[in-house]
Amino acid sequence: MFVGEVVKVTRNFQVTIPASVRCRVGIREGDFVRVFYDE
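So the number in our numbering is just where the residue sits in the sequence shown, counting from 1, plus 227.
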């Protein structure tokens, strides 16, 4: 199942992972995340 959220990129190229996603997948401070993109 694909679940998506829209996030804004800051001028420092940072993004905030929404709390709903962090809780669902168990992301905590200091964790690494893999980023995928679609052209």
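A virtual CB, placed ideally from N, CA and C, is assigned to each residue, including glycine.
In this text the structure is predicted, and so the values were computed from the model without any measurement.
Element boundaries [alpha helix (DSSP H), containing residue i]
i    : result
V252 : A246 to V252
CB-CB length for residue i against residue j, believed under 8 Å
i    : j    : result
V234 : P245 : 7 Å
V242 : V236 : 6 Å
V262 : I254 : Their Cβ separation, rounded to whole angstroms, is 13 Å, which puts V262 and I254 out of contact at 8 Å.
V248 : E232 : 6 Å
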